[in-house]
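First the structure, in the form of structure tokens, and then the observations on it.
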Amino acid sequence: MQRLIDTVTAFYGTGISPQRKLFRVKAGNFVDRLIALYCKDANTIAYSWSDPPYTSWSESTTVTNGSANQPFSAFMDTDSNLYLVFTAQTNMDLKFVKLTFGAGEWSGGSPVTICDQQDNYYPVIIGEEGGKLWVAWNYFVAPPEASHYLQVKSSVDDGLTWGEGPNDPGEALTSGYPYPCYSSLVIALSKLFCIYTYNRSYLAYRCRPLTGGSWEDEVGIYMSSYINDQFSSDSSPENRVGVAFRAPTVGGICFKEYDGGAWSGLHLVEFEDSASPSLRYFGVTPYVFFTKNYGTRQDRLHYNYKSGDSFSSSEPL
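Note that our numbering has the sequence shown beginning at 32, numbered continuously upward.
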């Protein structure tokens, strides 16, 4: 079943693979309501929602008209409140806004500046059970340095303040490189995992205990030329961390999983002409959704799941 939600003119309509913008209300009178967030045009972030059986969607509601024509990301807490991070049109600042859920509706507050230094792109956000928020993003230092760093910052007051304030660029998890960093945030094994790519060469992660402390040293997951934003991560109910990614050296989408002790071997999800993976665990089973090319400007959404020690044959949606 396919339904048209909206027609958009933004360059990044639904963003990039590491980011999240589709959520489901998990409890209460509006259980199973879906909300989709998207870039409606070059400066507008909007959302639309639908109730089962999802045959029709609401008219779009604007979250902000101050976004740059860049991808954004969001996180939903257990009370179905939404937390958004985006690049602002003005000065490429990093902004945050909370949408509070009540009586079946989401109401927005005023945007808060996370970082107003340099240029800020490709943010992701997650929240701990205790309410602490984390954001990771690509931080570009202008020429003559012209370098990209992966930065992280946190908030302990529901996003009102971040780190030491807007002029605080946060903590760098990588050195500076000529090409952008892309990241995702996952909580598992009582740790916060930041999984990222950098310099179009490396897929790696760093993690830190939720109880506090410093980030552990970088651990490599995969090395390949031209590896970039084509990856997605998630955690399972049994505390496994999974990553699905497009591996240019393989020519398709691959999957690896971490059980707290070691990473699995490389699993092939789909070979050749596949892109834009999105990983989700349904129970303990990892599902990977992706596009598969059928010809010039012809891509179709497919999915695959791990059955036993390998992935099954993919099916179109």
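All residues carry an ideal CB built from backbone N, CA and C; glycine is no exception.
Checklist entry - How would you call V94, buried or exposed, if buried means at least 16 neighbouring beta carbons within 10 angstroms? => result buried
Next on the checklist: Is it buried or exposed, G46, if we count other Cβ atoms within 10 angstroms and call 16 or more buried?
Outcome noted: buried
Next on the checklist: In the DSSP output, what is V217 paired with across the bridge?
Outcome noted: F224
Item to check | Buried/exposed call for R328, threshold 16 Cβ in 10 Å | outcome: exposed
Item to check | Helix, strand or coil at S232 according to DSSP, with G and I counted as helix | outcome: coil
Item to check | Beta-carbon proximity list for D265, same chain, < 6 Å, skipping 5 on both sides | outcome: G273, L310, R311, Y312
Item to check | Own chain partners of I76 with C-beta closer than 8 Å, once the 5 adjacent residues on each side are dropped | outcome: L68, Y69, C70, T93, V94, T95, S98, F103, L115, F117
Checklist entry - Can you check whether the CB of S48 is closer than 7 Å to the CB of S221? => result no
Checklist entry - Looking at R237 and E247, is the spacing between their C-beta atoms short of 7 Å? => result yes
Item to check | 6 Å CB neighbourhood of D72 in its chain, flanking five on each side removed | outcome: T40, A41
Checklist entry - Where does A306 sit, in a helix, a strand or coil, going by DSSP? => result strand
Item to check | Span separating the alpha-carbon of W137 from that of W80 | outcome: 10 Å
Item to check | Rounded C-alpha distance that separates P317 from D150 | outcome: 35 Å
Item to check | Boundaries (first-last residue) of the beta strand (DSSP E) holding A167 | outcome: 164-172
Checklist entry - Does the distance from the CB of Y213 to the CB of T228 come in under 7 Å? => result yes
Next on the checklist: In this structure, how does DSSP classify C212 when only helix, strand and coil are distinguished?
Outcome noted: coil
Checklist entry - Would the beta-carbon of S263 fall within 7 Å of that of E301? => result no
Item to check | Simplified DSSP assignment, three categories, for D330 | outcome: strand
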